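Each protein sequence line maps, in turn, to chains A and B. Positions in the first sequence are counted from 1; adding 71 to them yields my numbering. Positions in the second sequence are counted from 1; adding 71 to them yields my numbering. Below is one structure; the comments refer to it alone.
Number of protein chains: 2
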Amino acid sequence: MLTLHHLEYSQSFRVLWLLEALGAEYELKSYDRDPKTRLAPAEYKALSPLGTAPVVTDGDMVLAESNAIMDFILDAHPQSDLRPAAGHKDRARHLFWFHAAQGTLMSMQGVAMVLTLLETRTPWPIRGILKAAFGQVRKLFVNARLNAVYDLMESDLGKQAFFGGDNLTAADITLVYPMYAARDRGVFDTDYPNISGWFVRIEAMPSYIAARAKDNRERINFLIR
Amino acid sequence: MLTLHHLEYSQSFRVLWLLEALGAEYELKSYDRDPKTRLAPAEYKALSPLGTAPVVTDGDMVLAESNAIMDFILDAHPQSDLRPAAGHKDRARHLFWFHAAQGTLMSMQGVAMVLTLLETRTPWPIRGILKAAFGQVRKLFVNARLNAVYDLMESDLGKQAFFGGDNLTAADITLVYPMYAARDRGVFDTDYPNISGWFVRIEAMPSYIAARAKDNRERINFLIR
C-alpha cells in the first residue's frame with residue numbers, strides 16, 4: 072500500500088487531493104513544520120531523496136517530485152479520467168498545463184519569491200537599493216512572463232471548464248499549489264472572472280473538500296507577500 | 072506532419088534530439104535569435120502561446136512547454152523505449168528525472184541565473200552590495216539544493232547508465248539542456264565521474280550526433296557565467 076508523507080503547507084497537498092479524487096486506498100502520514108524555521112522536520116528530510124516534499128513510499132520504493140508521483144499513481148488507475156489518454160481530444164491541453172505548472176508557473180513564481188525574500192529580509196537602506204535593482208528584472212522578466220501565463224489561463228478557461236479540458240485532470244490538481252499562491256497575493260482580485268470561476272468549481276468538489284479536511288490547515292500554502 | 076519550430080540556443084534542442092532518437096518524420100523550421108538582444112524573433116514569439124521555445128505545430132494544433140511536447144510526441148510512438156511504460160522496472164526512475172529536470176533542476180538554475188544577471192549587469196558599487204545580499208540565499212537555498220540534485224545524479228548514474236534507467240529515455244533527453252548549462256559553468260569539472268561518463272555516452276549516440284548536426288551550433292545553450 073502506498074504511503075503519502077504529507078508535509079503541511081507544502082506541495083504534497085496536490086498528492087493528497089489526487090488520491091482523494093481517485094478514491095485510492097493509501098496511508099496518510101502527516102508532518103508539521105518546525106514552528107520557528109518553517110522547515111520540514113529532520114525525519115521528513117531523511118525520507119526524501121532531495122529533502123523536499125512531497126514523498127511517497129511503497130515498500131522499498133521511494134519517490135519524490137510532485138508530477139512524477141502523480142504520473143506514477145495515475146499508472147495504477149488506468150480507467151481514471153484524471154489523465155486523458157493518448158489520442159483523447161483533451162490530451163494536448165492536459166499535458167500543456169500539467170507540465171507548465173512546474174516548468175513555467177512555479178519556476179517563475181520561485182524567482183519572484185526569492186526576490187521578495189531578499190527585499191523583505193534585508194535591512195534598510197540596502198532594501199531600497201535591492202528594490203531598485205530588481206525593478207527592471209521584475210517588470211521585463213518575471214512579471215511579463217507570469218502575466219502571460221495568467222492571461223493564457225484566463226483565455227483557456229473561457230473555452231473549457233478545467234485546465235485539463237472538460238473535466239478535472241491532474242493538470243488542475245498540480246496547478247492548485249501555484250494558483251493559491253498567486254490568489255493569496257491578490258493576483259486574481261480583478262480581471263480574471265474565468266480563473267475565479269475555476270476556484271469556485273474546484274472548491275465545490277467532494278474530493279477537494281475531503282483533501283482539505285484531511286490536511287486540516289487554514290490554507291494550502293504559506294502566504295509570502 | 073509535425074513541425075518543430077527550433078530556436079537556436081534554446082530548450083527546443085531537446086525536441087530535436089527526441090525526434091531524431093525516435094526516427095520520426097517531421098519538418099524542421101529553424102529560427103535565429105536577434106544578434107543584439109538574443110531574443111527570439113517576432114515571428115517565433117507570435118507562434119508560441121507564451122512566447123517561449125520550443126513550439127510544435129501540426130495542422131491547427133500548437134503545443135508549447137518542453138515536456139508536454141515530449142509526452143505528446145511519445146504518444147505517437149508507443150513501441151519506443153524512450154518512455155518506459157506503466158509497470159516497467161525503470162518507470163519510477165524515468166518519471167522522477169523526467170519531471171525533476173523542470174520541477175527542480177531548471178527552476179533552481181533559473182533562480183541562480185537571475186541572481187547572476189542582476190550581479191553582473193548592475194554597475195559598481197551596487198554590484199558589491201547585491202553580491203553580499205545574495206550570498207546567504209545562494210549558499211543556503213540555491214547552491215545547497217543544486218548540489219543535492221547533482222549528488223543524487225552522480226549516485227543514480229553509478230547504479231544504471233542513464234537517468235531513465237538502463238536505456239536512454241526522454242528523462243535523459245530533457246536533462247540535456249540543464250546539464251550542459253551546468254557543465255559549461257564548470258560544475259562537473261571534478262568529483263563527478265559518473266556524470267562525466269553520461270556525457271561521453273550520450274555524445275557517442277548517433278541520434279545525438281544527428282541532432283547536433285541539424286542544430287549546427289557550437290553549443291547547445293547560451294553560456295551564462
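A virtual CB, placed ideally from N, CA and C, is assigned to each residue, including glycine. Computed from a predicted structure; not experimentally measured.
Looking at the strands, I want to know which residues DSSP matches up with residue i.
i: Lys100 (chain B); result: B:His76
i: Thr128 (chain A); result: A:Thr74, A:Val133
i: Phe233 (chain B); result: B:Gly236
In three-state terms, what does DSSP make of residue i?
i: Phe167 (chain A); result: helix
i: Thr123 (chain B); result: coil
i: Trp269 (chain B); result: helix
i: Gln150 (chain B); result: coil
i: Gly199 (chain A); result: helix
i: Leu228 (chain A); result: helix
i: Thr67 (chain A); result: Because residue 67 (chain A) is not part of the residues shown, which for chain A are 72 to 296, the question remains open.
i: Thr175 (chain B); result: helix
i: Thr191 (chain A); result: helix
i: Pro292 (chain A); result: Strictly speaking, residue 292 (chain A) in this sequence is Asn, with Pro absent from that position. Asn292 (chain A): coil per DSSP, three-state reduction.
i: Asn218 (chain A); result: helix
i: Ala92 (chain B); result: helix
i: Ala156 (chain A); result: coil
i: Val247 (chain A); result: helix
i: Arg256 (chain A); result: coil
i: Asp286 (chain A); result: helix
i: Met276 (chain A); result: coil
i: Ser81 (chain A); result: coil
i: Tyr115 (chain B); result: helix
i: Asp262 (chain B); result: coil
i: Asp161 (chain A); result: coil
With distances taken from CA atoms, which of the options is nearest residue i?
i: Arg198 (chain A); options: B:Arg192, B:Tyr248, B:Phe205, B:Met132; result: B:Phe205
i: Glu136 (chain A); options: A:Met276, A:Asp129, A:Pro125; result: A:Pro125
i: Ile140 (chain B); options: A:Glu96, A:His170, A:Asn214; result: A:His170
i: Asp161 (chain A); options: A:Ile280, A:Phe234, A:Thr261; result: A:Phe234
i: Asp237 (chain B); options: B:Arg288, B:His159, B:Gln207, B:Arg256; result: B:His159
i: Asp210 (chain B); options: B:Leu189, B:Pro149, B:Trp88, B:Met179; result: Before going further, note that residue 210 (chain B) is Lys rather than Asp in the sequence given. Of the listed residues, the one whose Cα sits closest to Lys210 (chain B) is B:Met179.
i: Leu123 (chain B); options: A:His148, A:Leu176, A:Glu289, A:Asp142; result: In the sequence on display, residue 123 (chain B) carries Thr and not Leu. Among A:His148, A:Leu176, A:Glu289, A:Asp142, the Cα nearest to that of Thr123 (chain B) is on A:Leu176.
i: Phe270 (chain B); options: B:Thr128, B:Ala147, B:Tyr248, B:Val86; result: B:Tyr248
i: Glu274 (chain B); options: B:Ile200, B:Ser119, B:Ile291; result: B:Ile291
i: Lys202 (chain A); options: A:Phe212, A:Glu190, A:Pro194, A:Gln150; result: A:Glu190
i: Pro120 (chain A); options: B:Val182, B:Arg216, B:Arg288; result: B:Arg216
i: Asn214 (chain B); options: B:Glu98, B:Val182, B:Leu228; result: B:Val182
i: Pro264 (chain B); options: B:Gly257, B:Tyr80, B:Tyr279, B:Gly229; result: B:Gly229
i: Tyr251 (chain B); options: B:Arg85, B:Pro155, B:Thr74, B:Leu78; result: B:Arg85
i: Leu72 (chain A); options: A:Thr128, A:Asn287, A:Tyr115, A:Pro112; result: First, the amino acid is wrong: residue 72 (chain A) is Met here, not Leu. Checked all of A:Thr128, A:Asn287, A:Tyr115, A:Pro112; the closest Cα to Met72 (chain A) is A:Thr128.
i: Glu98 (chain A); options: A:His77, A:Leu239, A:Ala113, A:Trp195; result: A:His77
i: Glu225 (chain A); options: A:Phe212, A:Asp262, A:Val208; result: A:Asp262
i: Ala172 (chain B); options: B:Glu289, B:Asp103, B:Val258, B:Gln82; result: B:Gln82
i: Arg288 (chain B); options: B:Leu294, B:Tyr80, B:Ser267; result: B:Tyr80
i: Asp146 (chain A); options: B:Ala157, B:Asp152, B:Phe143; result: B:Ala157
i: Val208 (chain A); options: B:Arg192, B:Ile200, B:Phe212; result: B:Arg192
i: Gln231 (chain A); options: A:Tyr279, A:Phe143, A:Arg164; result: A:Arg164
i: Ser101 (chain B); options: B:Asp286, B:Ala253, B:Trp195; result: B:Asp286
i: Gly130 (chain A); options: A:Tyr115, A:Glu114, A:Leu75; result: A:Leu75
i: Gly257 (chain A); options: A:Leu153, A:Leu294, A:His148, A:Ala284; result: A:Leu294
Handout entry: Three CB pairs or more closer than 8 Å across the region 92-100 of chain B and the region 104-115 of chain A
Key = no
Problem - Three-pair Cβ contact test at 8 Å for the region 237-253 of chain B versus the region 168-183 of chain B - result: yes
Exercise for the section: Evaluate the contact criterion for the region 220-233 of chain A versus the region 182-198 of chain A: three or more CB pairs, one atom per stretch, below 8 Å. Expected result: no
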